[in-house]
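A.B. asks:
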Amino acid sequence: MKASTIVKLGPCGGTAGDSKYMNCDGINRIAKISISHGAGICSFTAHYIRNGREESTGQWGNYYGSDISEFELQPNEYIISVKGHYSNWREWIIVRSLKFVTNMRTFGPYGQEEGIAFELTATSGRIVGFHVISGKHIEALGVYVKVPTKFKKLGPCGGGGGAEKYMDCDGISRIVKITVHHGGTIDSVTALTVRFLRNGREESTEQWGGKGANATEVKFHFLSNERNELSK
1 MKASTIVKLG
11 PCGGTAGDSK
21 YMNCDGINRI
31 AKISISHGAG
41 ICSFTAHYIR
51 NGREESTGQW
61 GNYYGSDISE
71 FELQPNEYII
81 SVKGHYSNWR
91 EWIIVRSLKF
101 VTNMRTFGPY
111 GQEEGIAFEL
121 TATSGRIVGF
131 HVISGKHIEA
141 LGVYVKVPTK
151 FKKLGPCGGG
161 GGAEKYMDCD
171 GISRIVKITV
181 HHGGTIDSVT
191 ALTVRFLRNG
201 REESTEQWGG
211 KGANATEVKF
221 HFLSNERNEL
231 SK
């Protein structure tokens, strides 16, 4: 089974302005980038696909440059690196240039390649989001990288009889609720609501085991560990 982790890189540039960022939950890919630029990067807009639907960051930055550039990515194309420069411009430190490298081609550079060079590269995985510090211009820019990882299976602990049941964990971000039917021993454990980020919906397993005399529900924000006791 495959999973993924979101890693934040940057931002590179100045520190004045407001922080803006993308929530990368459920984002499959970047679809389109729009940039206004002149002496530097004046505004930045990212369009992306989340759970099959196109969304947008809206415009980051408020100054309109002399040039507007836009590029679209093919469905099987993804960004692997963002390169650029930043330096002092008037009273601000701003991003002066940006270049986007995909698995198929290169877009840019946009702006002026002056100042300190930076590079934000997904050594494995792909870039699925951006974050910036912006005022009138884009003063700093960073990326979110989706890095593939592997699930680690632990257990099971207990007896060896019965039919094996399991969850397909692809796309699951977290456990929402567990319902335990129990008597003197554990008769069944059912995860009623499991969120799959690939479609943004809560799903649940079927009831595993028999129904006990009592049912206990546990709701939590993040599940990190589990302990249980078996009667002797």
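Quick note on numbering: my numbering labels position 49 of the sequence shown as 49, and the sequence is numbered without any gaps. Every residue gets a Cβ at the ideal spot worked out from N, C-alpha and C, and that includes glycine. Every value quoted in this text rests on a predicted model; they were computed, and no experiment measured them.
How should N225 be labelled, buried or exposed, when 16 other C-beta atoms within 10 angstroms of its C-beta is the threshold for buried?
C.D. replies: In this predicted model, N225 has a pLDDT of only 41, less than 50, meaning its place in the structure is not dependable; the value taken from the coordinates is given anyway. Under this definition N225 is an exposed residue.
A.B. asks: State the DSSP-derived secondary structure class of K165, mapped to helix, strand or coil.
C.D. replies: DSSP places K165 in coil when its eight states are reduced to three.
A.B. asks: Could you have a look at A39 and say whether DSSP puts it in helix, strand or coil?
C.D. replies: Note: A39 maps to coil in three-state DSSP.
A.B. asks: Look at the Cβ atom of F107, then the Cβ atom of V82, and state whether they are nearer than 8 Å.
C.D. replies: Contact flag unset, no.
A.B. asks: To the nearest angstrom, how far is the alpha carbon of F196 from that of D25?
C.D. replies: At F196, the pLDDT of 48 sits below 50, so the modelled position is not reliable; the number obtained from the coordinates is stated separately. Computed Cα separation, rounded: 10 Å.
A.B. asks: Quick check on DSSP: helix, strand or coil for T123?
C.D. replies: Note: T123 maps to coil in three-state DSSP.
A.B. asks: Pull up the distance between the alpha-carbon of H137 and that of E77, whole angstroms please.
C.D. replies: Whole-angstrom Cα-Cα distance: 28 Å.
A.B. asks: Assuming W89 is part of the beta strand (DSSP E), what are its boundary residues?
C.D. replies: Segment 79–89, the beta strand (DSSP E) holding W89.
A.B. asks: Pick from T179, L154, F130, E203: whose alpha carbon is nearest that of G10?
C.D. replies: For G10, the nearest C-alpha among the options comes from F130.
A.B. asks: Can you confirm whether the region 82–93 touches the region 49–57 when touching is taken to mean that 3 or more C-beta pairs between the two stretches lie within less than 8 Å?
C.D. replies: Result no; under three Cβ-Cβ pairs closer than 8 Å.
A.B. asks: Is the number of C-beta pairs between the region 64–80 and the region 35–45 that are closer than 8 Å three or more?
C.D. replies: Enough Cβ pairs lie closer than 8 Å, so yes.
A.B. asks: Give me whichever residues DSSP pairs with D143 in a beta bridge.
C.D. replies: One detail in the question is off: residue 143 reads as Val in this sequence, not Asp. Paired residues: L9, F130.
A.B. asks: Between which two residues does the beta strand (DSSP E) harbouring L98 extend?
C.D. replies: 92–102 is the extent of the beta strand (DSSP E) around L98.
A.B. asks: Using the three-state DSSP reduction, which class does E70 fall into: helix, strand or coil?
C.D. replies: Residue state, collapsed to three classes: strand.
A.B. asks: Could you name the residues of the same chain whose beta carbon sits closer than 7 Å to that of E217, not counting the 5 residues immediately before and after it, in chain order?
C.D. replies: Answer for E217: K177, T179, listed in chain order.
A.B. asks: From the DSSP output, which residues share a beta bridge with R53?
C.D. replies: Its beta-bridge partners are R50.
A.B. asks: Give the DSSP bridge partners of A19, in chain order.
C.D. replies: The identity of residue 19 in the sequence shown is Ser, whereas the question assumes Ala. Paired residues: I133.
A.B. asks: With a 10 Å radius around its C-beta and 16 neighbouring C-beta atoms as the bar for buried, classify C169 as buried or exposed.
C.D. replies: Exposed is the call here.
A.B. asks: With which residues is P148 paired in a DSSP beta bridge?
C.D. replies: Bridge partners of P148: S4.
A.B. asks: What does the alpha-carbon distance come out to for the pair I175 and S204?
C.D. replies: So the alpha carbons of these two residues sit roughly 10 Å apart.
A.B. asks: Are the beta-carbon atoms of I80 and T121 separated by less than 8 Å?
C.D. replies: Yes. Within cutoff.
A.B. asks: Got a sec, what are the start and stop residues for the beta strand (DSSP E) Y110 sits in?
C.D. replies: Y110 -> beta strand (DSSP E) spans 106–111.
A.B. asks: Name the one or two DSSP bridge partners that A117 has.
C.D. replies: BP columns for A117 point to H85.
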